[in-house]
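>
Number of protein chains: 4
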Amino acid sequence: MRPTKQILSTILSEVKPLIGQGKVADYIPALAKVPNNKLGIAVYTNDGEVITAGDAEESFSIQSISKALSLTLAMMLYKPEEIWQRVGKEPSGQAFNSLIQLEMEQGIPRNPFINAGAIVVADLLQSRLSAPRQRLLEFVRTLSGDSHIVYDKIVAASEMMHSDRNAAIAYLMRSFGNFDNDVIPVLNNYFHACALKMNCVDLAKTFSYLANKGQSVNTKKQIITPTQTKQLNALLATCGLYDGAGEFAYRVGMPGKSGVGGGIIAIVPGEMTIAVWSPELDKSGNSLAGTRALEMLSQRIGRSIF
Amino acid sequence: MRPTKQILSTILSEVKPLIGQGKVADYIPALAKVPNNKLGIAVYTNDGEVITAGDAEESFSIQSISKALSLTLAMMLYKPEEIWQRVGKEPSGQAFNSLIQLEMEQGIPRNPFINAGAIVVADLLQSRLSAPRQRLLEFVRTLSGDSHIVYDKIVAASEMMHSDRNAAIAYLMRSFGNFDNDVIPVLNNYFHACALKMNCVDLAKTFSYLANKGQSVNTKKQIITPTQTKQLNALLATCGLYDGAGEFAYRVGMPGKSGVGGGIIAIVPGEMTIAVWSPELDKSGNSLAGTRALEMLSQRIGRSIF
Amino acid sequence: MRPTKQILSTILSEVKPLIGQGKVADYIPALAKVPNNKLGIAVYTNDGEVITAGDAEESFSIQSISKALSLTLAMMLYKPEEIWQRVGKEPSGQAFNSLIQLEMEQGIPRNPFINAGAIVVADLLQSRLSAPRQRLLEFVRTLSGDSHIVYDKIVAASEMMHSDRNAAIAYLMRSFGNFDNDVIPVLNNYFHACALKMNCVDLAKTFSYLANKGQSVNTKKQIITPTQTKQLNALLATCGLYDGAGEFAYRVGMPGKSGVGGGIIAIVPGEMTIAVWSPELDKSGNSLAGTRALEMLSQRIGRSIF
Amino acid sequence: MRPTKQILSTILSEVKPLIGQGKVADYIPALAKVPNNKLGIAVYTNDGEVITAGDAEESFSIQSISKALSLTLAMMLYKPEEIWQRVGKEPSGQAFNSLIQLEMEQGIPRNPFINAGAIVVADLLQSRLSAPRQRLLEFVRTLSGDSHIVYDKIVAASEMMHSDRNAAIAYLMRSFGNFDNDVIPVLNNYFHACALKMNCVDLAKTFSYLANKGQSVNTKKQIITPTQTKQLNALLATCGLYDGAGEFAYRVGMPGKSGVGGGIIAIVPGEMTIAVWSPELDKSGNSLAGTRALEMLSQRIGRSIF
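Protein chains in written order, with this note's numbering: chain E, 1088 to 1393; chain C, 1088 to 1393; chain R, 1088 to 1393; chain Z, 1088 to 1393.
1. Contact defined as beta carbons within less than 8 angstroms: I believe Lys-1344 (chain C) pairs with Phe-1200 (chain C). What is the distance between those atoms, to the nearest angstrom?
2. Grouping DSSP H, G and I as helix and E and B as strand, with all else coil, what is Gly-1333 (chain Z)?
3. Residues of chain E with CB under 7 angstroms from Leu-1186 (chain Z), in chain order?
4. Which term fits Arg-1215 (chain R), buried or exposed, when burial requires 16 or more other beta carbons within 10 angstroms of its beta carbon?
5. Taking all protein chains shown into account, decide if Gln-1302 (chain E) is buried (16 or more other Cβ within 10 angstroms of its Cβ) or exposed.
6. Tell me which residues of the stretch 1321-1344 of chain E have at least one Cβ-Cβ distance to chain C shorter than 9 angstroms, keeping chain order.
7. Out of curiosity, what's the CA-to-CA distance linking Val-1237 (chain R) and Asn-1184 (chain C)?
8. Pick out whichever of E:Gly-1141, E:Phe-1266 and E:Gly-1340 has its Cα sitting closest to the Cα of Ser-1100 (chain E).
9. Do Ser-1371 (chain C) and Leu-1328 (chain C) have their beta-carbon atoms positioned less than 8 angstroms apart in this structure?
10. Quick one, which residues of the stretch 1169-1186 of chain C are near chain E if we go by CB-CB under 8 angstroms, in chain order?
11. Do Gln-1188 (chain E) and Ser-1179 (chain E) have their C-beta atoms closer together than 8 angstroms?
12. Is the Cβ of Pro-1356 (chain R) closer than 8 angstroms to any Cβ of chain Z?
13. Tell me the rounded alpha-carbon separation between Ile-1388 (chain Z) and Ala-1161 (chain Z).
14. Counting only beta-carbon separations shorter than 8 angstroms, does Phe-1393 (chain R) have a partner in chain Z?
15. What residue from Z:Gln-1386, Z:Met-1247, Z:Ile-1094 and Z:Thr-1312 has the CA that sits closest to Thr-1159 (chain Z)'s CA?
16. From Ser-1391 (chain R) to Thr-1325 (chain E), what does the alpha carbon distance come to, in whole angstroms?
17. Along the chain, where does the beta strand (DSSP E) containing Tyr-1258 (chain C) start, and where does it finish?
18. Give me, in chain order, the residues of the same chain whose beta-carbon lies closer than 6 angstroms to that of Val-1347 (chain E); leave out the 5 immediate sequence neighbours on both sides.
19. Are the CB atoms of Val-1207 (chain R) and Arg-1173 (chain R) nearer to each other than 8 angstroms?
20. Quick check: what's the CA-CA separation for Asp-1239 (chain C) versus Lys-1284 (chain C)?
21. Mapping DSSP to helix, strand and coil, what is Met-1285 (chain C)?
22. Indicate whether at least one CB of chain C lies closer than 8 angstroms to the CB of Gln-1318 (chain E).
23. Suppose contacts are defined by Cβ-Cβ distances below 8 angstroms. Is Leu-1230 (chain E) in contact with Ile-1170 (chain E) by that definition?
24. Could you give the C-beta distance for Val-1304 (chain R) and Gly-1107 (chain R), rounded to a whole number, given that I count them as a contact under 8 angstroms?
25. By the criterion of Cβ-Cβ separation under 7 angstroms, what are the contact partners of Arg-1215 (chain E) in chain C?
26. Interface residues of chain E around Asn-1198 (chain C) at Cβ under 8 angstroms?
27. Report yes if the C-beta distance between Arg-1252 (chain R) and Ser-1153 (chain C) is below 8 angstroms; otherwise report no.
28. Can a CB atom of chain R be found closer than 8 angstroms to the CB of Ala-1129 (chain C)?
29. Anything in the stretch 1262-1273 of chain C with a Cβ closer than 7 angstroms to a Cβ of chain R? List those residues in chain order, please.
30. Run through DSSP, which three-state label would Phe-1294 (chain Z) get?
31. Below 6 angstroms CB to CB, which residues in the same chain sit around Met-1260 (chain Z) once its five sequence neighbours on both sides are set aside?
32. Which residues share a DSSP beta bridge with Gly-1349 (chain Z)?
33. Can you list the residues of chain E that Asp-1142 (chain Z) reaches, using a CB-CB cut of under 7 angstroms?
34. Helix, strand or coil: how does DSSP classify Gly-1377 (chain C) here?
35. Could you tell me which chain C residues have their CB closer than 7 angstroms to the CB of Ala-1254 (chain R), listed as they occur along the chain?
36. At which residues does the alpha helix (DSSP H) containing Val-1227 (chain E) begin and terminate?
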């Protein structure tokens, strides 16, 4: 069954009662003050249809969803072995900001979606792009067709003021020879990527290449190859949901990437890209109502990768 | 493109040069003496066709592939919450026989496919079946249609003589209250399951329910529900390949389960079940040539879940 | 200043208010039911004087204090390298019953006073003594001059029924080749040693060889050499107080060994042996009031090793 | 027996054959180029006698020996609870520069002699001293009576260029709220302390207060109280030799502190202070020949704390 506005609206009304059972990220004020009752969803089909419900056109901080964008850029700029000798492809089994495994595994992060791995990717971009921040912004503006997308400067500045843990991660990797640039500018770019403000429609359009063998449905441009697309989806499926990837696969069954701003993108290869937003998080740091909405959508339209 | 005998034969001849680069499991003599040049593959399509190449009808020790069978039996006998309060659904990020995470997480194994998790499943089966070993044997004989499948008594006895590590795991879980029966009989059943002797055709037929929404293609019986099937495939995709699940997803892109006997089963939901066998293992403990054969098959026939 | 009955009595009355702030060990009923207000101390000087206060002649379960006795027996039976290739000499920095470090360090326990190390020592005794349990009993009866010392059979049986964690430790070491005998009989001996019932006077007399260059003050027999005595005291000082050895050295400044029965022995080399008993434990598992009493005694008589 | 020049010379000639079996620290060039055959020892008795042998008057980089000096300054400036709420008193059981335990224990280092703990101490000094570097230099010049002691600027600069690991440690503690100042200036002071150039006689005189109840034998000034002295010696005995404290206590039996420059100081409370230097290190990072020399000295003069 195809998703319809009716199905999406019904799902949102059914998951609404979950609001109040999760917890809005509060480690920086700019995130803490987001109203907890925001709820939106957008589906972008491979034939170009946009279907939405709720607050699908209201922007929010995409946070770690940006890690999938940065990795895409790195895959466009580097040969595979240049990337995968510096970051692994395996689930970590530990908290997203842990240094324990990183020390035991000699400064090689487990995958590109935990903080350490994303910081390595930011270091890679820094080495090969003259203006990585501008490049990323153009990338999402083009893919989404939304020229109003901006970095939330307050969020980026706030993150920078709470950057000690990520600085520790970067310095630890540097001590193992797995970090090439100065720490501060790389972290600054990393935090800007996390501070991208986008809405569900933007996100669904932006990531449509992951559902369409690497070709953007919106721009018709080939972003990455079909093989790279399969690889990126595989990484999202096994590592994209922090320490809740197994649970997400079990319940939703789609490659996805979440952010602590409450957004999640999910892919049905060959068919559609989905973005959902609800700020309250479960204990793994994934949107509580957002995950449930995706689980219900998977059941209603009978779509999953499994 | 559909798989053909020609495609399978070509793939086997192309992966053959890998033999000699891996290492046959040698922790028990019965495994160490298996000739390293065995190589077989079988595909069982959802419309009942069997396609094979190489040593597809020669039996081998299925080892950890049995963990997917035991979990299936447990899902048939228990309510979901009865299982998932005792074992998690997340990748472990640690070696399959590690006690470190098990101690830190209070005796709850990360997933049913690491040793600790499979031992919990064996404990569950012990609690509810009068003759779990006989039940499992009937299960695979029926699903495969091969009444000659047996336990390799020498392998089972050998495993039992090298059971100290698994005994440590079981006792540690017992100390946390996550083990209900006597340790020795449960381990004995666990080792017997690992000692099942099956060939690639048997395996492909046995697991066909995972490619067919829970219904065995061979017997037409509904083994588990479509939702349970999706869930089991999700668990296989995120946790089925020891500490190489991410790499396997990245390269092959199918839910799968491997064993140190050199076998791997892989699922293309809605289409087919594949079994491959080559005894030499890579450093993660997965069949080296077997994984490569599945990667090539995925590319040739254009099938993966991503 | 020499310790006097007056000093000891004053100290006991000063530490009494601490009773109620700790917690009696309750993992087995036989320990849980010991009255929390028991409080006793005995000093045995190297010239043979016994000075006591409080419940110094009431027997209690010596628990881990026995680990120092078992190690002494092992030092009498084995060459140093035979012992120290199987167990280390370093503080562990982890809980006394943790398997984490044991797995990471390939089955070699950090020191003989954590559970794993003491179980290795029990395994050593089992290999070389025909009746290790009887031998240990004779050893303490002779050293203390108290022929009424017995094993508390109820405690030993209770421990055996809660032995899963220690069984896990033993099997893990066996899987690394660091355990020679059957697990159950060794654990049974280990638990019997822990279940020795002795009073403070018994303990002070028994351990007098540690204060007297290896010669028992009571029997005049040379138990171990002066060098072995220095070595054993060094191990007690760095590893004898679970994960509170640093704090104990900082406050008390004497080599010592504690047990969860609330007993502690402490050594002033060249001068005296002290035993104290108060069942309530601090968070490290050491007697709360007992530690404080030793700290005060150290200050009053101006004795410590530092 | 009192130490004599004859005894010291004999010991040095006996340990000389060990040179060649260890490894000079080579993580910075300034340390790597120190000749491996340097060997010196100095004893400073509590009645003011200096006894030396070998290269006792040649300066070397004291490295981590400075951690005992910095802690002494902190104990002079802060109340005990102000220090011990920010750093523990227990052996770590892990490498001196590990972040694993630090993350698991919420940014509170195990003790003041691992890197993390010493960096906390440097942060404490930074908060309360206007010129901590100058203060430390005056401190050692006064205590040793040697006004020529300087910081080795090349060593300090080299350390600063290899500071990533320590920066990671500092930022990790900051993320847990256990670091008050800017990271770089604190690390700079920390590295300067490590870069103090002193000889064995300087060191023995400087640390004489630890053997003399807190009063400097050289200046007659009371540096810390007798109780603080006992406490500091206790910390040195349990934590002063990296992950080799247990072995050092077992073999030498004196409170001590080592540095990767190959120096070790050791204390016989009430009697003497000893400094030894030989650049080659054992696998724990302690001077190989230096440790052996102290072990032999302990045996020859019959002195240890146990």
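Where a beta carbon is used, it is the ideal one built from N, C-alpha and C, also for glycine.
To lay it out plainly:
1. As a first step, residue 1344 (chain C) must be located in the second sequence, where it is residue number 257. As a first step, residue 1200 (chain C) must be located in the second sequence, where it is residue number 113. Indeed they touch by this definition, with Cβ atoms about 7 angstroms apart.
2. For the purposes of this step, residue 1333 (chain Z) is taken as residue 246 along the fourth sequence, with counting starting at 1. Three-state DSSP puts Gly-1333 (chain Z) in a helix.
3. One-based indexing of the fourth sequence puts residue 1186 (chain Z) at position 99. Residues of chain E passing the Cβ test: Leu-1186, Glu-1190 and Leu-1259.
4. The residue labelled residue 1215 (chain R) in the question sits at position 128 within the third sequence. The residue in question, Arg-1215 (chain R), is exposed, as its Cβ has fewer than 16 Cβ neighbours within 10 Å.
5. What you label residue 1302 (chain E) is simply residue 215 of the first sequence in a count that begins at 1. Counting Cβ neighbours within 10 Å, Gln-1302 (chain E) comes out buried, since at least 16 surround it.
6. For the stretch 1321-1344 of chain E, the beta-carbon criterion of a distance under 9 angstroms to any beta-carbon of chain C is satisfied by Ala-1321, Leu-1322, Leu-1323, Ala-1324, Thr-1325, Cys-1326, Asp-1330, Gly-1331, Ala-1332, Gly-1333, Glu-1334, Phe-1335, Ala-1336, Tyr-1337, Arg-1338, Val-1339, Gly-1340 and Pro-1342.
7. Position 150 of the third sequence, counting from 1, holds the residue named residue 1237 (chain R). Position 97 of the second sequence, counting from 1, holds the residue named residue 1184 (chain C). Roughly 41 angstroms between the two C-alpha positions.
8. Looking up residue 1100 (chain E) in the first sequence gives position 13. The option with the nearest alpha carbon to Ser-1100 (chain E) is E:Gly-1141.
9. Along the second sequence, read from residue 1 onward, the residue named residue 1328 (chain C) stands at position 241. Along the second sequence, read from residue 1 onward, the residue named residue 1371 (chain C) stands at position 284. In this structure, Leu-1328 (chain C) lies near Ser-1371 (chain C), with their beta-carbon atoms less than 8 angstroms apart.
10. Those residues of the stretch 1169-1186 of chain C that come within reach of chain E (Cβ to Cβ, closer than 8 angstroms) are Gly-1175, Lys-1176, Glu-1177, Pro-1178, Ser-1179, Gly-1180 and Gln-1181.
11. As a position in the first sequence, residue 1188 (chain E) is number 101, starting the count at 1. As a position in the first sequence, residue 1179 (chain E) is number 92, starting the count at 1. Going by beta carbons, Gln-1188 (chain E) and Ser-1179 (chain E) fall inside the 8 angstroms limit.
12. As a first step, residue 1356 (chain R) is located in the third sequence; it is residue number 269 there, counting from the start. Chain Z, which has a Cβ nearer than 8 angstroms to the Cβ of Pro-1356 (chain R), makes this yes.
13. On the fourth sequence, position 301 is the one that residue 1388 (chain Z) refers to. On the fourth sequence, position 74 is the one that residue 1161 (chain Z) refers to. Between Ile-1388 (chain Z) and Ala-1161 (chain Z), the C-alpha separation is close to 34 angstroms.
14. Here the question's residue 1393 (chain R) lines up with position 306 in the third sequence. It does; some Cβ of chain Z falls within 8 angstroms.
15. Position 72 of the fourth sequence, counted from the start, is the residue given in the question as residue 1159 (chain Z). If you compare the alpha carbons of Z:Gln-1386, Z:Met-1247, Z:Ile-1094 and Z:Thr-1312 with that of Thr-1159 (chain Z), the shortest gap goes to Z:Thr-1312.
16. Position 304 of the third sequence, counted from the start, is the residue given in the question as residue 1391 (chain R). Position 238 of the first sequence, counted from the start, is the residue given in the question as residue 1325 (chain E). So the two alpha carbons sit approximately 58 angstroms from each other.
17. Here residue 1258 (chain C) is taken as the residue at index 171 of the second sequence, counted from 1. Looking at the DSSP string, Tyr-1258 (chain C) is not in any beta strand (DSSP E); the run it does join, the alpha helix (DSSP H), is 1251-1262.
18. What you label residue 1347 (chain E) is simply residue 260 of the first sequence in a count that begins at 1. Ala-1112, Gln-1150 and Gly-1372, listed in sequence order.
19. Locating residue 1207 (chain R) in the third sequence gives position 120, counting from the first residue. Locating residue 1173 (chain R) in the third sequence gives position 86, counting from the first residue. Val-1207 (chain R) places its beta carbon less than 8 angstroms from that of Arg-1173 (chain R).
20. Looking up residue 1239 (chain C) in the second sequence gives position 152. Looking up residue 1284 (chain C) in the second sequence gives position 197. For Asp-1239 (chain C) and Lys-1284 (chain C), the gap between their C-alpha atoms comes out near 6 angstroms.
21. For the purposes of this step, residue 1285 (chain C) is taken as residue 198 along the second sequence, with counting starting at 1. Looking at Met-1285 (chain C) - three-state DSSP - the assignment turns out to be strand.
22. One-based indexing of the first sequence puts residue 1318 (chain E) at position 231. So, interface residue.
23. By 1-based counting over the first sequence, the position of residue 1230 (chain E) is 143. By 1-based counting over the first sequence, the position of residue 1170 (chain E) is 83. Taking 8 angstroms as the cut-off, the Cβ atoms of Leu-1230 (chain E) and Ile-1170 (chain E) do not count as close.
24. By one-based count along the third sequence, residue 1304 (chain R) stands at place 217. By one-based count along the third sequence, residue 1107 (chain R) stands at place 20. The Cβ separation is near 36 angstroms, so there is no contact.
25. Residue 1215 (chain E) sits at position 128 when you count from the first residue of the first sequence. Those within 7 angstroms of Arg-1215 (chain E) in chain C number zero; the least Cβ separation is about 22 angstroms.
26. The residue you call residue 1198 (chain C) lines up with position 111 of the second sequence. Residues of chain E passing the Cβ test: Gly-1333.
27. Against the third sequence, residue 1252 (chain R) aligns to sequence position 165. Against the second sequence, residue 1153 (chain C) aligns to sequence position 66. Not closer than 8 angstroms, so no.
28. Translated into the one-based positions of the second sequence, residue 1129 (chain C) becomes position 42. Not an interface residue.
29. Residues passing the 7 angstroms Cβ filter: Ser-1262.
30. Counting from 1 along the fourth sequence, the entry for residue 1294 (chain Z) is found at position 207. Three-state DSSP puts Phe-1294 (chain Z) in a helix.
31. The residue labelled residue 1260 (chain Z) in the question sits at position 173 within the fourth sequence. Excluding residues within five positions, the ones whose Cβ falls inside 6 angstroms are Gly-1194 and Phe-1266.
32. Mapped onto the fourth sequence, residue 1349 (chain Z) falls at position 262. According to DSSP, which records beta bridges pairwise, Gly-1349 (chain Z) is partnered with nothing at all.
33. Start at 1 with the first residue of the fourth sequence, and residue 1142 (chain Z) comes out as number 55. Neighbours of Asp-1142 (chain Z) on chain E: none; closest Cβ ~33 angstroms, over 7 angstroms.
34. Working through the second sequence from its first residue, we reach residue 1377 (chain C) at position 290. In the structure shown, Gly-1377 (chain C) sits in a helix (DSSP, three-state: H, G or I).
35. To locate residue 1254 (chain R), count along the third sequence from 1; it is residue 167. The answer, in chain order, is Tyr-1258.
36. Residue numbering aside, residue 1227 (chain E) sits at position 140 when the first sequence is read from its first letter. Its alpha helix (DSSP H) spans residues 1219-1231.
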